[in-house]
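Reading through the structure tokens given below for one structure.
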Amino acid sequence: MHDEEKRAAEQLLEATNSSSNDGGESPLPTPVTANAPKLSTKPKLSATMIIPVWIVLSSAVILYNNHVYNTLMFKYPVFLVTFHLTFAAIGTRVLQRTTHLLDAAKDIHMSKDMFMKSILPIGMLFSGSLILSNTAYLYLSVSYIQMLKAFTPVAILLISWTFRIQEPNKKLAIIVLMISTGVALTSQGELHFNLFGFLTQAAAVAFEASRLVMIQILLHNLKMDPLVSLHYYAPVCALITAAFIPFTEGLAPFYALKDIGPLVLLSNASVAFLLNVAAVFLVGVGSGLVLTLAGVFKDILLITGSVIIFGSTVSPMQVFGYSIALCGLVLFKTSGGK
Numbered sequence: 001m002h003d004e005e006k007r008a009a010e011q012l013l014e015a016t017n018s019s020s021n022d023g024g025e026s027p028l029p030t031p032v033t034a035n036a037p038k039l040s041t042k043p044k045l046s047a048t049m050i051i052p053v054w055i056v057l058s059s060a061v062i063l064y065n066n067h068v069y070n071t072l073m074f075k076y077p078v079f080l081v082t083f084h085l086t087f088a089a090i091g092t093r094v095l096q097r098t099t100h101l102l103d104a105a106k107d108i109h110m111s112k113d114m115f116m117k118s119i120l121p122i123g124m125l126f127s128g129s130l131i132l133s134n135t136a137y138l139y140l141s142v143s144y145i146q147m148l149k150a151f152t153p154v155a156i157l158l159i160s161w162t163f164r165i166q167e168p169n170k171k172l173a174i175i176v177l178m179i180s181t182g183v184a185l186t187s188q189g190e191l192h193f194n195l196f197g198f199l200t201q202a203a204a205v206a207f208e209a210s211r212l213v214m215i216q217i218l219l220h221n222l223k224m225d226p227l228v229s230l231h232y233y234a235p236v237c238a239l240i241t242a243a244f245i246p247f248t249e250g251l252a253p254f255y256a257l258k259d260i261g262p263l264v265l266l267s268n269a270s271v272a273f274l275l276n277v278a279a280v281f282l283v284g285v286g287s288g289l290v291l292t293l294a295g296v297f298k299d300i301l302l303i304t305g306s307v308i309i310f311g312s313t314v315s316p317m318q319v320f321g322y323s324i325a326l327c328g329l330v331l332f333k334t335s336g337g338k
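For the sequence shown, the UniProt record's numbering assigns the number 1 to the initial residue and increments by one for each residue that follows.
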């Protein structure tokens, strides 16, 4: 794999650790593409400032979505994802006209051919990942979902090996085995295992890994930061996810809107959008290992928050298995993914 592609792959791994949406993993995973451009007009923020903000926003998005689905009982993930994407599409265009955060979009010449061959297929995978990952919250706890997301780098490697984008080696094989074993132990230790929820989250991981690999192949020459990327993907994905609403949820979410009110919807989408703004600054600070460790710390906080806020149960076997998986993720980053 070319050096440029390797650098892109490393950033994509960072994106999976931070998702989102992870995302991502997250409810609205940051669609990071290739190397982020250096924006001279962007305010300079230190890692000690932006990383805590990103951790708080990333955790808040996931916990807030889970609250909407399982406490407020608004069980319409396709509608909520569509609303998030529509809000993001409008938000990025407002920022483009009022700030310098999307100045990098001026350097991208989006042709019809590029849109059809790159943006649209990646947008379809992104939409599938968002719908599936949000649907999983209806069946699984926040803590268990975060544990399952640790398998995303393994899925990326397996797809890369299958299509000969990257050559397998002994070191990576050991790391893959380590992460896989850890995730398997977390599943074995899950006290409220739901097969449909597990398969849904597994499919979400597969969609997200495929999306990241496709970005690596198709868009590694483009310089898109998370916000510019969202600027292009949000409208496409909003239309795609909206097309699924009549076949999955029908008119039910519109009738249920009166039960949660517009303030919840708008604040929920706003937090998700602010996460993408924070990601713009996050990409430019700290080393890859620092960002990976920040993602690990965020996941630990999320699991703890899930236990405290939602009463999720985490067994000792899950703690042991997830520790193994996290060690594998850190080893992957320290090895440079090679």
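Don't be surprised by glycine CBs; every beta carbon is placed ideally from N, CA and C.
- The three-state reading of DSSP puts GLN216 in helix, counting H, G and I together.
- With a cutoff of 8 Å on beta-carbon distance, ALA136 and ILE145 are scored as near each other.
- In the same chain as GLY128, and ignoring 5 residues on each side of it, the C-beta atoms closer than 6 Å to its own belong to PHE207, in chain order.
- Each residue's CA atom was taken as its position, placing VAL319 and ASN66 some 21 Å apart.
- In the DSSP assignment, ILE108 falls outside any alpha helix (DSSP H), carrying neither H nor E.
- Inclusion of SER143 and VAL330 in the CB contact set at 8 Å is not warranted, their separation being larger than that value.
- For GLN318, the secondary structure class from DSSP, reduced to helix, strand or coil, is helix.
- Of all C-beta pairs linking the region 255-263 to the region 73-81, three or more are shorter than 8 Å, placing the two stretches in contact.
- Using a 10 angstroms sphere on the CB of VAL61, the tally of other CB atoms reaches 16 or more, which defines it as buried.
- At the C-beta level, PRO226 and ASN268 stay beyond 8 Å of one another.
- Exclusion of the five residues before and after MET124 leaves ILE240 as the residues of its chain whose Cβ lies within less than 7 Å of its Cβ.
- For ILE159, the closest C-alpha among the options VAL176, LYS170, ALA278, CYS327 is that of VAL176.
- Boundaries of the alpha helix (DSSP H) harbouring LEU157: 152-162, taken from the DSSP string.
- CA-to-CA, the gap between GLU190 and ILE165 works out to about 34 Å.
- For the options PHE163, SER180, HIS231, the alpha carbon positioned closest to that of ILE90 is the one of HIS231.
- When DSSP states are grouped into helix, strand and coil, PHE193 belongs to the coil group.
- Following the DSSP letters along the chain, one finds ASP259 inside the alpha helix (DSSP H) bounded by residues 252-283.
- The C-beta of TYR255 has fewer than 16 other C-beta atoms within 10 Å across all chains shown, which makes the residue exposed.
- Going by DSSP, SER58 is part of the alpha helix (DSSP H) stretching over 47-70.
- Contact between the region 77-88 and the region 297-307 is not established, with fewer than three Cβ pairs separated by less than 8 Å.
- The C-beta of THR92 has 16 or more other C-beta atoms within 10 Å across all chains shown, which makes the residue buried.
- Separation of VAL280 and ALA203 (C-alpha to C-alpha, rounded to the nearest whole angstrom) is 28 Å.
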